[in-house]
Amino acid sequence: MNTIDHRFAKNWWKYLLSILIVVVYCLPLYVLVTMALKKMTDTSSRLQLPTSLYWGNFTELFAEGSIGRALLNTAIITIATVAIEVILGCMAAYPLARHRSRFNSLINAIMMGVMMIPPLSILVGVYSTLISMHATSTYWGMIIVSAAFGLPMPIYFFTKFIRTIPRSLDEASQIDGCNTLQTFFYIILPQLKPAIATIVILNGVGMWNEYGYSLYILQKPEMYTLTLTISQYFSSGANNLNGAAAAACVATLPMILMFLFLQKYFIKGTADSAVKG
Amino acid sequence: MKIKQLVVGITATAILIPTLAACGNSSSASSDKSIELMTTWTGDRLTTLNKILKQYTKKSGVNVQVVSPGDQYETVMKTRMASRDMPDVFETHGWSLSRYKEYLTPLNDQSWAKNVDEAIKPVITDTNKKMYVEPVTMAINTIVYNKDAFAKAGVEVKDIRTWDDFSAACEQLKKTGITPIFIGNKDGETAQLAESIPPTQLTNDSVKDNQATALKNGTFNFEKYWTPISKMISTWNDKGYFNVDLLTSDNDAGVKQLAQGKSAMMFGGSNNITQALSYNPKANLGILSSPAAEKNGKNSLSMGEGVCFGVWKDSDVADKAENLLKYLSTKEVAGKIATASGDIPALTNVSNPDDYMSKALDETKATFADNLEYIPLFDREYLPNGMWDDLTNSFTDIFTTRGEQGIQQSVAAIKSAYTQKLAK
Chain A
735 MNTIDHRFAK NWWKYLLSIL IVVVYCLPLY VLVTMALKKM TDTSSRLQLP TSLYWGNFTE
795 LFAEGSIGRA LLNTAIITIA TVAIEVILGC MAAYPLARHR SRFNSLINAI MMGVMMIPPL
855 SILVGVYSTL ISMHATSTYW GMIIVSAAFG LPMPIYFFTK FIRTIPRSLD EASQIDGCNT
915 LQTFFYIILP QLKPAIATIV ILNGVGMWNE YGYSLYILQK PEMYTLTLTI SQYFSSGANN
975 LNGAAAAACV ATLPMILMFL FLQKYFIKGT ADSAVKG
Chain B
1213 MKIKQLVVGI TATAILIPTL AACGNSSSAS SDKSIELMTT WTGDRLTTLN KILKQYTKKS
1273 GVNVQVVSPG DQYETVMKTR MASRDMPDVF ETHGWSLSRY KEYLTPLNDQ SWAKNVDEAI
1333 KPVITDTNKK MYVEPVTMAI NTIVYNKDAF AKAGVEVKDI RTWDDFSAAC EQLKKTGITP
1393 IFIGNKDGET AQLAESIPPT QLTNDSVKDN QATALKNGTF NFEKYWTPIS KMISTWNDKG
1453 YFNVDLLTSD NDAGVKQLAQ GKSAMMFGGS NNITQALSYN PKANLGILSS PAAEKNGKNS
1513 LSMGEGVCFG VWKDSDVADK AENLLKYLST KEVAGKIATA SGDIPALTNV SNPDDYMSKA
1573 LDETKATFAD NLEYIPLFDR EYLPNGMWDD LTNSFTDIFT TRGEQGIQQS VAAIKSAYTQ
1633 KLAK
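Chains as they are written, first to last, in my numbering: chain A, 735 to 1011; chain B, 1213 to 1636.
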């Protein structure tokens, strides 16, 4: 006991700091939940707990029906985009990592260059192209644009990761009779699991919360994603913060649940990729 | 084997989901001939509009696809303007002439055109006498106030005839512990001051040294005429008439305070009343006209476009769109839109006598009778296109730098922006 007390006395500031960090992180969620459980006419402080729980914001949200469709739209776009990014990303990264030619250096430089372009800076060009392709308010229009902007990062990340895998593994598989594709799928891809987990987390959460491009590409209400549905609570003349908070609670729930169920894989994945990368 | 299955699974998901989704979305092809209508409305107001449009579809057989980008309306419209892909029907939110004219069909020949209220006509008609929108409502953009707060401080609206009277009223309100004026500058709302103060000093008919022509032809002397405006606001600030968190608070916070009677006045549109009533349905609110610069001058109300719909000139369904506007102009439908918007009907065949806003306007009209002038929105009428943010920046200088220096910075900022934008 004495040792524990002594350790606590010595490190008390670390505990205090940890508590402060937890409070800072939890405060927005706390405000979100309390706002969602208050009536619009309740003008009390946003930090104050509701005097009585008001579920009307949630019932209105589900009665209106758009949130279910938005969840489905967001899930479709997120899963498809991340799947494309992971598959194309690791397949493109393999030759880039293994063959260090001038051409591949150029490809790498282009990838880096694309990463530096703020996506919204070329919005008008992208939007006009999508119009001519009849791709606005379609899943595939949103997915190809998101995957195109999202791909450079996985390619860069997987390239760096594959370079840490010993080349002798490739050589051994080739001696055993594997061709390049078999080497990639049987030898390299299993090694990439931690890196894939990292990309799924980073790009998956990014896509779930995407707003900038979906605002322009997905204009029909039946195509709205969660962020667009939440934005419907705000207009230049009127805001419904309580309704928006209820919608945001529902929007964040799948991500929180996913993280709770899969956290051991994610944490392992990020830790492994950090060590390897 | 496991990894092979994983790869096959992921690939199949990536390919199948968009394909299946596209199948599910096949209805979009059949709705190609529907009218795309873009609105600034969201929430309950959007629900009202959707109901109206469903009725129209039932009646006419024409589908109307409503697009509502919420508070990002302007940015989405700018992108669509740049891409030459405008909605068939869209709201012009005060910019039918200065921003959207080149994209719109003139609508003078429409059956409802003869019913457009004289108060809004100059605002939506260009120099060639062409009108590009159907004004379903007109917005009053002056000052909204809490009647209970005024009563508590003993302030009488009828006594506020000049800006000196207005200052005296602010002093009384402050003494009672009520914040006289709330501005939420997080949303750039200091620019709202421009719709009330400069017209009364520079451009209203009752102004002796009228500067309307000078502002339009670029010969306006900012040092001489704008300095008193900045100075007056600076004095109010020094006297503590504004909310202390003016620079960081948002408009919504002001609306809540107005609804509760903690703040007495807000510069801005009458839509603040509608929003305040959603926070406190029992709030006792009214419309305050801008006082005159001098004694014997007239009070004024800034009238602008409320809900105004235009038709894209290159629309494939222009005829259908014009028929839709005809439907929206009917007495029953336009009345519903006016009530939902918190604006005043802009068509003479439509009246909403029992509506909260109509009553508030009637009260103001009755108080000032012939001493009331109806004026266009100052920034739309007398300043070059795109000056709203510059007005915010200019007025913000007064609050960030106190005293003479802030006044000078404010005048220099507005002059510089005006000169640059006029030269374009």
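Cβ atoms here follow ideal geometry from the backbone N, Cα and C, with glycine treated the same way.
Please list the partners that residue i has in chain B, where partner means a Cβ-to-Cβ separation under 7 Å.
i	result
A:V858	T1291, A1294 and S1295
A:Y699	With chain A covering 735 to 1011 only, the question about residue 699 of chain A has no answer from this structure.
A:Y947	Near A:Y947 there are no residues of chain B at all, since even the closest Cβ is about 11 Å away, more than 7 Å.
A:Q953	V1279
A:Y890	Simply none; closest approach about 20 Å.
A:S862	S1295
Run through the DSSP bridge pairs and tell me what residue i is partnered with.
i	result
B:A1351	B:G1516
B:M1250	B:V1279 and B:F1302
B:A1504	B:T1374
B:E1585	B:S1512
B:G1547	Looking at the DSSP assignment, B:G1547 forms no beta bridge with any residue, so it has no partner.
A:F968	A:N973
B:M1343	B:T1337
B:L1497	B:N1358
B:I1556	B:M1350
B:M1317	Per the sequence shown, the amino acid found at residue 1317 of chain B is Thr instead of Met. According to DSSP, which records beta bridges pairwise, B:T1317 is partnered with nothing at all.
B:G1522	B:F1302 and B:V1345
B:S1606	For B:S1606, which the question treats as bridged, DSSP gives no partner whatsoever.
B:V1328	B:L1559
B:S1475	B:T1391
So residue i contacts chain B; which residues on that side make the cut at Cβ distance below 8 Å?
i	result
A:F968	T1254, G1282 and D1283
A:Y749	Neighbours of A:Y749 on chain B: none; closest Cβ ~33 Å, over 8 Å.
A:M774	S1490 and Y1491
A:S800	Simply none; closest approach about 11 Å.
Measuring alpha carbon to alpha carbon, tell me which residue in the options is nearest residue i.
i	options	result
B:D1329	B:Y1285, B:G1430 and B:T1560	B:T1560
B:I1556	B:E1517, B:A1533 and B:K1525	B:E1517
B:Q1472	B:L1459, B:S1490, B:S1418 and B:D1457	B:S1490
B:S1408	B:L1319, B:T1551, B:M1289 and B:L1603	B:L1603
A:Y967	B:P1281, B:P1410, B:M1350 and B:A1558	B:P1281
B:I1587	B:S1295, B:D1417 and B:D1321	B:D1417
A:I921	A:P928, A:I801, A:Q908 and A:A931	A:Q908
B:M1293	A:Y958, A:A978 and A:Y950	A:Y950
B:G1174	B:K1266, B:T1269, B:S1246 and B:N1320	A question about residue 1174 of chain B goes unanswered here, because the residues of chain B that appear run from 1213 up to 1636.
B:N1597	B:R1311, B:K1270 and B:N1262	B:R1311
B:T1631	B:M1569, B:D1528, B:A1546 and B:K1428	B:K1428
A:Y828	A:T917, A:I755 and A:W789	A:T917
B:E1286	A:T777, A:A985 and A:S969	A:S969
A:G790	A:G884, A:M769 and A:S779	A:M769
A:L806	A:A826, A:A831, A:T963 and A:P853	A:T963
B:M1444	B:G1615, B:Q1322, B:L1316 and B:K1548	B:G1615
B:K1370	B:K1627, B:D1601, B:A1581 and B:K1633	B:A1581
A:L975	B:K1451, B:K1468 and B:D1528	B:K1468
A:L987	A:I856, A:I933 and A:L960	A:L960
Given that residue i touches chain B, what residues does it touch there, using C-beta distances under 9 Å?
i	result
A:M867	Correct list: empty, because the minimum Cβ distance to chain B is about 12 Å.
A:N974	T1254, G1255, D1256 and S1490
A:S965	T1254, P1281, G1282, D1283 and Q1284
A:Y828	In chain order: nothing, as chain B lies at least about 13 Å away.
Starting from residue i, find everything on chain A with Cβ-Cβ shorter than 8 Å and list it in chain order.
i	result
B:D1464	N973 and L975
B:T1412	The premise fails here: B:T1412 is roughly 25 Å from chain A at the closest Cβ pair, so nothing lies under 8 Å.
Using a C-beta to C-beta distance shorter than 7 Å, which residues of chain A count as neighbours of residue i?
i	result
B:K1468	T777
Which residues in chain A have a C-beta closer than 9 Å to the C-beta of residue i? List them in chain order.
i	result
B:Q1472	T777
- request: Entirely within the region 850 to 897 of chain A and at least 4 residues each: give me those alpha helix (DSSP H) ranges in chain order.
  value: Within the region 850 to 897 of chain A, the complete alpha helix (DSSP H) runs of at least 4 residues are 857 to 866, 873 to 884 and 886 to 897.
query: Is the region 885 to 901 of chain A touching the region 842 to 849 of chain A, taking contact as three or more C-beta pairs under 8 Å?
result: Segments in contact, yes.
message: I'd like to know if the region 1535 to 1551 of chain B and the region 1337 to 1350 of chain B are in contact, where contact means that at least 3 CB-CB pairs between them fall below 8 Å.
response: The answer is yes - the region 1337 to 1350 of chain B touches the region 1535 to 1551 of chain B, with three or more Cβ pairs under 8 Å.
message: Quick check: the region 1306 to 1318 of chain B against the region 1585 to 1597 of chain B, are at least 3 beta-carbon pairs closer than 8 Å?
response: Yes: the two stretches touch, three or more of their Cβ pairs being nearer than 8 Å.
query: Curious, which full-length alpha helix (DSSP H) runs of at least 4 residues does the region 735 to 811 of chain A contain?
result: Runs of the alpha helix (DSSP H) inside the region 735 to 811 of chain A: 736 to 770 and 790 to 798.
task: Would you check if there are 3 or more beta carbon pairs closer than 8 Å linking the region 807 to 819 of chain A to the region 931 to 941 of chain A?
output: By the Cβ criterion, the region 807 to 819 of chain A is in contact with the region 931 to 941 of chain A, since at least three pairs of Cβ atoms, one from each stretch, lie closer than 8 Å.
task: Could you tell me whether the region 1497 to 1507 of chain B touches the region 1576 to 1586 of chain B, where touching means 3 or more Cβ pairs closer than 8 Å?
output: In short, these stretches touch, since the Cβ pair count reaches three.
task: Count the CB pairs spanning the region 1599 to 1613 of chain B and the region 1383 to 1403 of chain B that are closer than 8 Å, and state whether there are at least three.
output: Taking 8 Å as the limit for Cβ pairs, the verdict is that the region 1383 to 1403 of chain B does touch the region 1599 to 1613 of chain B.
query: Taking the runs of the beta strand (DSSP E) that are 3 residues or longer, which of them lie wholly in the region 897 to 967 of chain A?
result: Taking only runs of at least 3 residues, no beta strand (DSSP E) segment lies wholly in the region 897 to 967 of chain A.
query: Hey, is the region 1470 to 1486 of chain B in contact with the region 1347 to 1356 of chain B, meaning 3+ C-beta pairs nearer than 8 Å?
result: A contact exists between the region 1470 to 1486 of chain B and the region 1347 to 1356 of chain B.
message: Report the start-end ranges of each beta strand (DSSP E) in the region 1407 to 1486 of chain B that is 3 residues or longer and not cut off at the edges.
response: Runs found: 1475 to 1481.
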